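Here the protein sequences line up with chains A and B, keeping their order.
Take the first sequence: its letters are residues 1 to 338, numbered as in our numbering.
Take the second sequence: its letters are residues 339 to 848, numbered as in our numbering.
All residues carry an ideal CB built from backbone N, CA and C; glycine is no exception.
Here the structure is a predicted model, which means the values were calculated and not measured.
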Amino acid sequence: MSNQIQPTGLDETVIPTHVPESQGRLIWRRFVGNKVAVASVILIVVIIVFAIAAIGNGLIPGWWKFSYKELNPQVNRGDPTLSLVPVWLGGNGVSLGEHPFGQDRIGKDYFAMTMRGIQNSVLFMVVFGFIATFIGVVVGAVAGYYRGWVDAVLMRVTDVFIVIPALVIGAVVGHWLGSLGAPVLAIMLAFFSWMGIARLVRGEFLSLREREFVEAARVAGASDARIIFKHILPNAIGVVIVSATLIMASAILLETALSYLGYGIRSPDVSLGLLISANQSAFQTRPWLFWWPGVFIVSLALLVNFVGDGLRDAFDPRHRRFKLSKMRETRSEPELNA
Amino acid sequence: MVSFILRRLLVSVLILVAASFLMYVLVAYSADPLQDLTSSNSPNKEQLINARVQLLDLDVPPPLRWVLWLGGVAKCAIPFANACDLGSTVSNAQVVDILPGALAATVQLVTLALVLAILLGVMIGIVTALRQYSGLDNTVTFISFFLYSLPAFLVAVLLKEFVAIGFNNFLRDPVIGAIVALVIGLVMGAIWQSLLGGDAKRRLVVFLVSGAATASVLLLMSATNWFMNPGLGPIVIILVSAAIAFAVTLVLAGLRNRRAFITGGINAGIAIAGYFLLQPLFDVSSAGTLAILALVTLAVGAISGYLMGGYDRGQNIRVGMVTAGLCGAIVLLDRFMQSWGDLLEATNGRPIATVGSKTPGASGDVWLSGLDAFAHLTLPTIALLLISFAGYTRYSRAGMLEVLSLDYIRTARAKGLPERTVIMRHAFRNMLIPLTTLVAFDVGALLGGAIITEKVFAIPGMGNLFNQGLGRGDLNPVMGYFLIVAAMAITFNFLADMAYAGLDPRVRIR
Numbered sequence: 001m002s003n004q005i006q007p008t009g010l011d012e013t014v015i016p017t018h019v020p021e022s023q024g025r026l027i028w029r030r031f032v033g034n035k036v037a038v039a040s041v042i043l044i045v046v047i048i049v050f051a052i053a054a055i056g057n058g059l060i061p062g063w064w065k066f067s068y069k070e071l072n073p074q075v076n077r078g079d080p081t082l083s084l085v086p087v088w089l090g091g092n093g094v095s096l097g098e099h100p101f102g103q104d105r106i107g108k109d110y111f112a113m114t115m116r117g118i119q120n121s122v123l124f125m126v127v128f129g130f131i132a133t134f135i136g137v138v139v140g141a142v143a144g145y146y147r148g149w150v151d152a153v154l155m156r157v158t159d160v161f162i163v164i165p166a167l168v169i170g171a172v173v174g175h176w177l178g179s180l181g182a183p184v185l186a187i188m189l190a191f192f193s194w195m196g197i198a199r200l201v202r203g204e205f206l207s208l209r210e211r212e213f214v215e216a217a218r219v220a221g222a223s224d225a226r227i228i229f230k231h232i233l234p235n236a237i238g239v240v241i242v243s244a245t246l247i248m249a250s251a252i253l254l255e256t257a258l259s260y261l262g263y264g265i266r267s268p269d270v271s272l273g274l275l276i277s278a279n280q281s282a283f284q285t286r287p288w289l290f291w292w293p294g295v296f297i298v299s300l301a302l303l304v305n306f307v308g309d310g311l312r313d314a315f316d317p318r319h320r321r322f323k324l325s326k327m328r329e330t331r332s333e334p335e336l337n338a
Numbered sequence: 339m340v341s342f343i344l345r346r347l348l349v350s351v352l353i354l355v356a357a358s359f360l361m362y363v364l365v366a367y368s369a370d371p372l373q374d375l376t377s378s379n380s381p382n383k384e385q386l387i388n389a390r391v392q393l394l395d396l397d398v399p400p401p402l403r404w405v406l407w408l409g410g411v412a413k414c415a416i417p418f419a420n421a422c423d424l425g426s427t428v429s430n431a432q433v434v435d436i437l438p439g440a441l442a443a444t445v446q447l448v449t450l451a452l453v454l455a456i457l458l459g460v461m462i463g464i465v466t467a468l469r470q471y472s473g474l475d476n477t478v479t480f481i482s483f484f485l486y487s488l489p490a491f492l493v494a495v496l497l498k499e500f501v502a503i504g505f506n507n508f509l510r511d512p513v514i515g516a517i518v519a520l521v522i523g524l525v526m527g528a529i530w531q532s533l534l535g536g537d538a539k540r541r542l543v544v545f546l547v548s549g550a551a552t553a554s555v556l557l558l559m560s561a562t563n564w565f566m567n568p569g570l571g572p573i574v575i576i577l578v579s580a581a582i583a584f585a586v587t588l589v590l591a592g593l594r595n596r597r598a599f600i601t602g603g604i605n606a607g608i609a610i611a612g613y614f615l616l617q618p619l620f621d622v623s624s625a626g627t628l629a630i631l632a633l634v635t636l637a638v639g640a641i642s643g644y645l646m647g648g649y650d651r652g653q654n655i656r657v658g659m660v661t662a663g664l665c666g667a668i669v670l671l672d673r674f675m676q677s678w679g680d681l682l683e684a685t686n687g688r689p690i691a692t693v694g695s696k697t698p699g700a701s702g703d704v705w706l707s708g709l710d711a712f713a714h715l716t717l718p719t720i721a722l723l724l725i726s727f728a729g730y731t732r733y734s735r736a737g738m739l740e741v742l743s744l745d746y747i748r749t750a751r752a753k754g755l756p757e758r759t760v761i762m763r764h765a766f767r768n769m770l771i772p773l774t775t776l777v778a779f780d781v782g783a784l785l786g787g788a789i790i791t792e793k794v795f796a797i798p799g800m801g802n803l804f805n806q807g808l809g810r811g812d813l814n815p816v817m818g819y820f821l822i823v824a825a826m827a828i829t830f831n832f833l834a835d836m837a838y839a840g841l842d843p844r845v846r847i848r
């Protein structure tokens, strides 16, 4: 942003004299111009850093005094002690109190549990997203590049996996391995969730492999692996990044749904879906047990969706989806829909 | 064409077989069908375990057991033999016998939700596409993103807490205060003015009129104790039928098309006459009678449209059928409302149920049981609707925008067609083509049951079958569920391809 020459908001096509920007910078600038997406990225980072800093993770110590496992004496019937209204507005002053998010029925600190749930959900999301994307890219690239019988076999395998609904396979795998924690669950589930990306990448490769620059690379003697990873893949990276983000958003929902059904992360470990599942009957008496994890599930999924949408806009300005500002100005871009 | 279909069929069967092997082995190794017995302390424990091992062939390793299972499934392919064998559950019930009931419950659950989601989603998607980047568009976009990010169980639990329990509590003392009515009126006014659009003056008029109308209707309903004793009555039926005829003609044919307008009017008139004449018949109706009446209604609409003639009979027929269908629905709705009192009695004044699919002991005529089913399906339907509605809005908005930017739309406008014709007859129809794929996928997926929605609302459907089977380590019902879901997914995928090729002449089947 800092050394940028043009004021933001102007159409990229009217850049007059300067050296043309690289594709990467163009995309970066379009993404940064999307306030919703940038704000979402910042918020996600804040949430993750806060959740890790609060109760720590592994070797990292946390500043919060309770852990998500220990039982504590009931304070104030387990009501949340968080207070956000300052004294001068007639409230109790801004303070966390003993248990800011309250306590559950057996006295565990709900703030620590929620933070642990966020950690697990985010960990699941990231691991799942990376592995599923990796498998999908490899399968799609090989199928699209080699075509012929390789393509036929790989795509039939994809069809076999696609027939099984995600939630069903998730339940079976979770039932089997859920007690091993978020990373194992994420890795296993990713092996059954790469099909969408594989199909997209294959489509991109099928069209890109016919282009002149691939021909040039082949004439220059580049190996297949080099052509795939150095020449074609960078041109298909937009599709990959966007669908990786969107698959991450759906991963959050998948994990919470599995935990809700009882096939995901198991007690004593904590996930956001598990918290809601364990406490839905307490809605009347202790609604905060329901609200805190619910708020974080929805905000994480929503923010990741916004980021994915911002990335889609940045990579492919034709499919502009959600941009609150500057919509009319950028409209002069040519609409090249087939 | 034939060779294409045959090839697809063969590949589909192979895919199904391979996927079933994957699923079978996964479930067999993850689940323990003996878990309840090994932890029991009944005296004949060994005997029970042996019996179950015998029943389910548990002494055969899973990959081989899959072959046995596949042999039973293969018998389904023999026509009219009725020799299907999908194995039995741990409690020795045949999976073939329990599948139809579960499938029926699921179909009942998802049909209305899917139809409403498609209708509402497409309608709102089109309106937002026509008002791109307006306040309405951005609001709807935000809402659909929000709905995308809501976990199904969260929606379901919130609906239970607020809609069901809230509404039932409201019925205890059904009075709407003036302030509440005013607030609802303001909100409705704001929604209507953003939907209808126009310049500032028109928006203000729409806002005031619709807001005031909403608030006063609410107050009137509250004052006449409408919520305990609802009904539409002849005046409302006549007014609403006329409005339907007017609106349908306006959207589908334009008011300048006199023949279409008259067709709509005739059908509204027939519906009003039917309202007065058919009440005695309604009282003794069964579900079959109602189905026949519905068909007759649509036929009357079509025939009246055909008889009106003119240069475009298809348009008249559409106007006639849609008007007749909608007006008939209003008349039916009125009759259902008359049974509201019975339902309140049967449910102790708390009609909106949060679990199950019917009230035990609430048996009665078709109206009462229909209303009862409706009261049970309301919440799960809303939950499913909210989830799939967002996708349809996004897709139809994007599709409409794409179609509207094409050259033939410019041509249509350039030759002077009215905007209504351009949108409804040129853009709308072509926008629907890619949507068929989405609908086919959704139907296939939803027939597999909404696992989570069914769990939250305790509906004995397909999702429930799967979930319970997996929880008990019961392999055969899980596989029976999977077989239906996978076959549905493949079938509808295939149908989508065929429909696409049929609708879009640019796509050709190899």
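First and last residue of the uninterrupted alpha helix (DSSP H) at residue i
{"i": "L803/B", "result": "M800 to G809"}
{"i": "M762/B", "result": "From DSSP, M762/B is part of no alpha helix (DSSP H); its letter is neither H nor E."}
{"i": "H175/A", "result": "A166 to L177"}
{"i": "N235/A", "result": "L233 to L261"}
{"i": "N72/A", "result": "Looking at the DSSP string, N72/A is not in any alpha helix (DSSP H), and its letter there is neither H nor E."}
{"i": "I789/B", "result": "I789 to F795"}
{"i": "T562/B", "result": "Counting along the chain, T562/B falls outside any alpha helix (DSSP H), and DSSP gives it neither H nor E."}
{"i": "P572/B", "result": "G571 to L590"}
{"i": "T285/A", "result": "Counting along the chain, T285/A falls outside any alpha helix (DSSP H), and DSSP gives it neither H nor E."}
Same chain, Cβ closer than 8 Å to residue i, neighbours up to 5 away in sequence not counted
{"i": "I747/B", "result": "V741, V760, H764 and A765"}
{"i": "T719/B", "result": "L447, L450, A451 and L454"}
{"i": "L776/B", "result": "G729, Y730 and Y733"}
{"i": "L474/B", "result": "V465, T466, S532, L533 and G535"}
{"i": "L485/B", "result": "L724, I725, F727 and A728"}
{"i": "L682/B", "result": "L509, M566 and P689"}
Close Cβ partners of residue i (< 6 Å) along its chain, the five nearest in sequence each way excluded
{"i": "A824/B", "result": "L354 and A357"}
{"i": "V122/A", "result": "I48"}
Under the three-state DSSP convention, the category residue i falls into
{"i": "L274/A", "result": "helix"}
{"i": "L841/B", "result": "helix"}
{"i": "N57/A", "result": "strand"}
{"i": "Q432/B", "result": "strand"}
{"i": "S487/B", "result": "coil"}
{"i": "Q103/A", "result": "strand"}
{"i": "S426/B", "result": "strand"}
{"i": "K341/A", "result": "Given that chain A is displayed from residue 1 to residue 338, the structure contains no residue 341/A and the question cannot be resolved."}
{"i": "D812/B", "result": "coil"}
{"i": "K65/A", "result": "coil"}
{"i": "D109/A", "result": "strand"}
{"i": "D79/A", "result": "coil"}
{"i": "A220/A", "result": "coil"}
7 Å Cβ shell around residue i - same chain, five flanking residues per side excluded
{"i": "V845/B", "result": "Y838 and A839"}
{"i": "Y362/B", "result": "P400, W404, W407 and M817"}
{"i": "L177/A", "result": "V184, L185 and M188"}
{"i": "P7/A", "result": "For P7/A, the predicted structure reports a pLDDT of 49, less than 50, and the residue's modelled location is therefore unreliable. The matter cannot be settled from this model."}
{"i": "A640/B", "result": "I655, G658 and M659"}
{"i": "I27/A", "result": "A314 and F315"}
Interface residues of chain A facing residue i [CB-CB closer than 7 Å]
{"i": "L776/B", "result": "Per Cβ cutoff of 7 Å: no residues; L776/B is ~14 Å from chain A at best."}
{"i": "N805/B", "result": "L261"}
{"i": "I353/B", "result": "R156, D159, V160 and V163"}
Within chain B, partners of residue i - CB distance below 7 Å
{"i": "G294/A", "result": "L492"}
Chain B residues whose Cβ lies nearer than 9 Å to that of residue i
{"i": "A257/A", "result": "P489, A490, F491, I789 and I790"}
Contact list for residue i against chain B, beta-carbon separation under 8 Å
{"i": "V139/A", "result": "Result: empty, since nearest Cβ-Cβ is about 16 Å, beyond 8 Å."}
List, from N- to C-terminal side, the beta strand (DSSP E) runs of 3 residues or more that fit wholly inside the segment 607-635 of chain B.
DSSP runs (the beta strand (DSSP E)) wholly in the segment 607-635 of chain B: none.
Write down every uninterrupted run of the alpha helix (DSSP H) in the segment 674-716 of chain B whose length is 4 residues or greater and which is fully enclosed by it, in chain order.
DSSP runs (the alpha helix (DSSP H)) wholly in the segment 674-716 of chain B: 678-684.
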